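Below: the structure, in structure tokens.
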Amino acid sequence: MASAARLLSEKMTNFPAGNFQERIRSVLSHKTISLLALSVLLALVLVLASACGGSKANVRQEQPNAQPAAVDVTTATAIIRELPQYFEATGSLTGDEQTDVMPSIAGKVVAIGVDMGSYVKRGQMIVRLDDVDSKLRVQQQQAQLDQMKASLRQAEEKVGVRPGQSFDLNKIPEVSNAKVALDLAEKNLRRSEKLIESGDVSRAQYDQQRAQRDQLLQVYEAALSLARQNYAAVMTARANVASAESQLNLARRSLSYALVYSPIDGFITERNADLGEYVSPTSKVATVVRINPLRVRIDIPEQAIPAISVGQSVSVTTSAWPDKNFGGRIARVSPNVTPTSRTLTVEAEIENSNGALKPGQFATVRILQSRAQPAVLVPARAVRTESGVSRVFVIKDGHAQERVVQLGQTEGDLMQIKNGVAGDEQVATSNVDQLADGMAVRQ
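Numbering-wise (numbering that gives the first Met the number 0), the sequence shown opens with residue 0 and increments by one.
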């Protein structure tokens, strides 16, 4: 047994360290090893396996005690700055004016002058309808008017009245001549009445003059009657001319309706008509919206009402332009507080000359509420927000302290911290997503 163990030891020492399996195979293949030597070999294998297992267990026991590596961070100092106090509310942007354009007459679309997104001026054509029938009606009414004017001229000539001249019966030749003859007969008859009493004029002469006077009176009355009839014809002719002019104007107006214009300056948001389509006065052919200025309505809580007035400046931000403020002013204030919500509706107009803002966007409106107050500000990148909870990591003595904070308003790339961080404290501004409370850091 001793010789077997010695032989086994010599064989195992001839192999490099760590090549344990080769050692075993070599030893087992030696012809001189007896069964007893094999038993010794198995015992040694068990001892070696136990030793290796114990070594691995010790390694596993030591690993939990290893310290995590420090996280590299950059820091910034929380500053205190005088910050104006704003009231914030949200609302949707709407166009200053928006109108659905509809034709005034029915017709077929033969031309289109705009498309979605086009900018149009007031009075610019949107669509043109077929106007052949309208032009024919204009020509027909023009001919009718010309005929009525000719009839009027004839009627005015009969009574001696010029266009636009007032009517005077005594200026008509037939009437004026009959009146002169009648006046002369009346004068002669009055003279004969005085002479018949003295016997200078006979009864027969007097009766003859009276009959002549009566005849001239009939002539005068007939001239008056004819003149009145002729003047009535003039008035009828003038009425016919006025009616024909009105019909012509209606025909021309109907012709003008073939061109459908934009009633305001703005952008085309919808174009609903196509070439060849038949449209009616109830058909929407386009929608036009004016986007400068834009309007936004917000609700102000009752306690903030004293700080609100028409003309007051406001600023607006949107998710599309989070780092840009758009200026405006309060244009209208409702006279009533809503009983259910105890809020006051306010409408602001927002400058949008470059067209960056669009109707329908959700906007946050800020209204200056009071004078500036001290506020703690940190870089926005120092704030980590998850599931609605905002955190800041304050760096102190080489370790990170997690602080749950309440955020205020944004000032450029700075964020107001209402509570949780004091002025002059150092906050982590990088790798904040890798930090945890109490973690070691390296600056």
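Note that the Cβ used here is the ideal one computed from N, Cα and C, for glycine as well. Predicted, not measured: the structure shown is a model, and the values here were computed from it.
- In the DSSP secondary-structure assignment, E401 is bridged to F392.
- In the DSSP assignment, Q84 falls within the beta strand (DSSP E) that extends over 78-100.
- For T316, the uninterrupted beta strand (DSSP E) run begins and ends at 312-317, by DSSP.
- In the three-state reduction of the DSSP assignment, K134 falls in the helix class.
- If you check the CB distance, T317 and Q360 come in under 8 Å.
- Looking from the CA of G419, the closest CA among T344, R189, V72, A77 belongs to A77.
- In the three-state DSSP reduction, A421 falls in the coil class, being neither helix nor strand.
- Excluding five sequence positions before and after E244, the CB atoms of its chain that fall closer than 8 Å to its own CB belong to L144, given in chain order.
- By the neighbour-count definition (other C-beta atoms within 10 Å, threshold 16), A319 is an exposed residue.
- Here the alpha carbons of G159 and L183 stand approximately 25 Å from one another.
- By the CB criterion at 8 Å, V388 and V426 fall outside the cutoff.
- The shortest CA-to-CA distance from V288 to any of D71, D412, D99 is the one to D99.
- Using a C-beta cut-off of 8 Å, the stretch 115-133 makes contact with the stretch 251-264, since at least three inter-stretch Cβ pairs fall below that distance.
- Counting other Cβ atoms within 10 Å of its Cβ, P280 stays below 16 and is therefore classed as exposed.
- For V72, the number of other beta carbons within 10 angstroms of its own is at least 16, and it is reported as buried.
- Per DSSP, the unbroken alpha helix (DSSP H) holding A210 starts and ends at 202-255.
- For E269, the enclosing beta strand (DSSP E) stretches over residues 265-270.
- L406 is bridged by DSSP to I416.
- Here the alpha carbons of D114 and Q405 stand approximately 48 Å from one another.
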